[in-house]
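Q: First the structure, which I've put down as structure tokens, then a few questions once you've had a look.
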Amino acid sequence: MKERLTIALSKGTLLEPTIDLFRQIGLPTEGLSADSRNMVFTYDNPEVTYIMCRPTDVPTYVEQGAADLGLVGKDIIVEQGKDVFELVDLKYGYCRFVVAVPGERQGIALKDLNYKRAATKFPVVAEQFFRSQGLQVEIIKLHGNIELAPIMGLSDMIVDIVSTGRTLRENNLVELVKIMDSTTRLIGNRVSYRTKHELIQPMVETIQDYMKGGMLSDN
Amino acid sequence: MKKREIPKGLRDFLPEEVKARRNMENKASRLFNSYGYQEVATPTFEYLEVIESGAGHHIREDLFLFMDRDGGIVSLRPEMTVSLARLAATHLRDRRTPQRLYYMANMFRQVQPQKAQYREFWQLGVELLGASGVWSDAEVITVAANSLLELGLKDFKISLNQIDIFNGLLEQSNLADDEQELIRYFVESKDLVDLSNLLEKLPMDDQLKESIALLPVLHGGLEVLKRIPAAEKNRKTAEAIDDLIKVYEALQVFGINEHIVVDMGVLRNLDYYTGIVFEGYSPDLGYGLLGGGRYDNLLGHFGYDCPATGFALGMDRLALVLRKQPGKKEELRYIVGGTDLSKMVVEADRLRAQGFITELDVEGCSREELKQRLANYHAEQEYNLIFID
């Protein structure tokens, strides 16, 4: 059996707290930084390899076994619905899925959004939510700057992730309903979890113990 | 312009790929036959009612469905076990039991195509019908392990579980049906985070909570069975543990225990399986290679109450793993060329009768031309040239 663990890391805002976490639990972090242009970091003691991925690509690397483990937001996991083990809630990178509407419609009832249009980067989450509420909503998939859609009359509302809510306020949008909370998760490949169990399980337990100690802040 | 395209998720198979698959089929059928299993075949499509009454309604979104002229809804088969259960219930119920059956066939599912996941894929598998008891479970698992060995895989593990260990604990919780459903969902989808969040909120005995949260990650030898805190007080769970221990011990006798791992996390298709379940993995592939278990209620859906156990192995996935292992060199081939056709035919037939693959030079090339060609072929295939003037 192969003895090296490959871990897919999310580039961007999750990277700093991930490096912090690794340092705290004794995983190597030398040379690992947001500024580095390297995509692969290899260490010999313990034998781990980190690969730098766009957050939305992390579940794909893990599902297909190109990485054994990955660290990625719950928002991306639920949107993609990949077949991976979700092992530990790492608590950082908090955000929440919300339905937001233009300020002048503040306080509108959810049922009045039936047959309206919602712009989002997360069509699966949006569709599932509206269906579960018995609503039929037209989903418009966009790739960024979702806030622009209601301003330009492309949609009546948006479904997006927010952390502080500042972007919403700046674009005169108000949160109508929270769909779900999201934090960073440690995920694992179904097979690696079994074939490299003796490497993965102790790491999972270390992280779980560490999380119970609650030493990381929510930021 | 679709003239040069094929539908998404399907594949053409080139000679070496078909050869690899046939090779697997030949070796596997020799093995299955030696254990007394007999091959059966069923139609490529079945009525939707048949598929759904066996495999449940959740499978519908994966099916290729179409109508026949009489307005019946039919589905390309997504797997074989349900079809075999229907076949056995309608045609084999008067024969002696146990019945040992095997199949090798293509299956169809409308899944997102990606590595190791195709819309048409090949499986081989066995079903042992009419036998209950741990020895029959152990035999099927042994045949599964020996198939992998026979097909050339050396490094693999088979994870073993008995799902009543989990079911017993869940029943003991006295939770409402929808709460139990949610726990099953999180356990099956391996969402350990939402599972532990949910358990925290539910009104349950702490020891029971701890046991349910622990099950998906328990992995190792028989000793892990001692780590389930609530097991002793629960009859169903205790019996299931006993069952699992007996199967494990039988597998030691069958001589394949070095490949067996007890893994309480193998908890898929909880509606379908009724006892021992197992999955096989290679460290070289991020997807499972085979899966199976005991399904004592399935044949009952077709009016034939009969215990059953079996497994299915994905040939496409195994081929991906085997390709990474160093292969054997192609066998020696002959090419017979010349100018006198009758002598050439006699020589070619003589070689074929000795078991050599022999090609006739149907283009009538000269000796020099043939030598030149063979030099170019040499990288992929070694030829012996026989030239008859």
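Taken in sequence, the protein lines are chains V and W. If you read the first sequence in numbering that gives the first Met the number 0, its first letter stands for residue 0, the second for the next number, and so on. If you read the second sequence in numbering that gives the first Met the number 0, its first letter stands for residue 0, the second for the next number, and so on. Ideal placement from N, C-alpha and C gives every residue a C-beta, glycine not left out. The structure presented is a predicted model; accordingly, all values stated were derived computationally and were not measured.
1) Beta-carbon within less than 6 angstroms of T41 of chain W's beta-carbon, same chain only, minus the 5 sequence neighbours each way: which residues are those?
2) Going along the chain, which residues of its own chain have a beta-carbon closer than 6 angstroms to the beta-carbon of V97 of chain V, five neighbours each way excluded?
3) By the 9 angstroms beta-carbon criterion, what residues does the region 199 to 223 of chain W contribute toward chain V?
4) Straight-line CA distance for H300 of chain W to N166 of chain W?
5) Give every residue of the same chain whose Cβ lies closer than 6 angstroms to the Cβ of F129 of chain V, excluding the five residues on either side of it in the sequence, and list them in chain order.
6) For D190 of chain W, which three-state DSSP category applies?
7) Tell me whether E4 of chain W sits in a helix, a strand or coil according to DSSP, three-state version.
8) Within the chosen definition, does the region 179 to 195 of chain V reach the region 139 to 150 of chain V through at least 3 CB pairs nearer than 8 angstroms?
9) Taking only the alpha-carbon atoms, compute the straight-line gap between V246 of chain W and V260 of chain W and give it to the nearest angstrom.
10) Put D295 of chain W into one of helix, strand or coil per three-state DSSP.
11) For G92 of chain V and chain W, any beta-carbon pair shorter than 8 angstroms?
12) Whole angstroms is fine: what's the gap from V203 of chain V's alpha carbon to Y209 of chain V's?
13) Apart from the five residues just before and just after D217 of chain V, which ones in its own chain have a Cβ nearer than 7 angstroms to its Cβ?
14) With DSSP as the reference, label R351 of chain W as helix, strand or coil.
15) Quick one: what does DSSP say D86 of chain W is sitting in, helix, strand or coil?
16) Could you work out which residue in W:T308, W:G71, W:R68, W:R76 is closest to R59 of chain W when comparing CA atoms only?
17) Along chain W, in chain order, which residues have C-beta atoms closer than 7 angstroms to that of V124 of chain V?
18) Leaving aside the five residues before and after Q79 of chain V along the sequence, list all residues of the same chain whose C-beta is less than 8 angstroms from its C-beta, in chain order.
19) Count the C-beta pairs between the region 309 to 316 of chain W and the region 349 to 362 of chain W that are closer than 8 angstroms, then say yes if the count reaches three, no if not.
20) Looking at L134 of chain V: is its Cβ nearer than 8 angstroms to the Cβ of L112 of chain V?
21) Closer than 7 angstroms, Cβ to Cβ, to anything on chain V: give me those residues from the region 167 to 198 of chain W, in chain order.
22) Which residues in chain W have a C-beta closer than 7 angstroms to the C-beta of N188 of chain V? List them in chain order.
23) CB-CB under 8 angstroms to Q251 of chain W, same chain, minus the five flanking residues each way: which ones, in chain order?
24) Return helix, strand or coil for I240 of chain W, following the three-state DSSP convention.
25) What distance in whole Å lies between the Cβ atoms of L214 of chain W and R118 of chain W, which are believed to be in contact at a cut-off of 8 angstroms?
26) Leaving out the 5 sequence neighbours to the left and right, which residues in its chain are closer than 6 angstroms to E248 of chain W when beta-carbon positions are compared?
27) By a C-beta neighbour count over all protein chains shown, 10 Å radius and 16 as the cutoff for buried, is R349 of chain W buried or exposed?
28) Count the other C-beta atoms from every protein chain shown that fall within 10 angstroms of the C-beta of M0 of chain V, then say buried if there are 16 or more, exposed otherwise.
29) Classify L47 of chain W as helix, strand or coil using the three-state DSSP reduction.
30) Who are the Cβ neighbours of E51 of chain W in its own chain at under 8 angstroms, not counting the five residues just before and after it?
31) Is the region 99 to 119 of chain V touching the region 41 to 51 of chain V in the sense that three or more CB pairs, one from each, lie closer than 8 angstroms?
32) Between the Cα of V158 of chain V and those of V:I138, V:N171, V:L86, V:Y192, spot the shortest distance and give me the residue it belongs to.
33) At least one CB of chain V closer than 8 angstroms to the CB of Q113 of chain W: is that the case?
34) Just confirm the distance between the C-beta atoms of G287 of chain W and Y280 of chain W, as a whole number of angstroms; I'd bet it's less than 8 angstroms.
35) Determine, using beta carbons only, whether V47 of chain V comes closer than 8 angstroms to chain B.
A: Judging by the given coordinates:
1) S82, L86
2) V161, E174, K177
3) P215, V216, H218, G219
4) 21 angstroms
5) V136
6) strand
7) coil
8) no
9) 12 angstroms
10) coil
11) no
12) 10 angstroms
13) Since pLDDT at D217 of chain V reaches only 45, below the 50 mark, its modelled position is unreliable, and the value read off the structure follows with that caveat. Result list for D217 of chain V: K90, Y91, Y93, in chain order.
14) helix
15) At residue 86 of chain W the sequence reads Leu, which differs from the Asp that was named. L86 of chain W falls in the helix class under three-state DSSP.
16) W:R76
17) Here the premise fails: no neighbours, minimum Cβ distance about 15 angstroms.
18) T55, P58, T59, V123
19) no
20) yes
21) K189, D190, L191, V192
22) G285
23) none
24) helix
25) The Cβ separation is near 33 angstroms, so there is no contact.
26) none
27) exposed
28) Confidence at M0 of chain V is low in this model, with a pLDDT of 42, below 50, so the placement of that residue is unreliable and no value is reported for it.
29) helix
30) I58, R59
31) no
32) V:I138
33) yes
34) 6 angstroms
35) Any reference to chain B falls outside this structure, whose protein chains are V and W.
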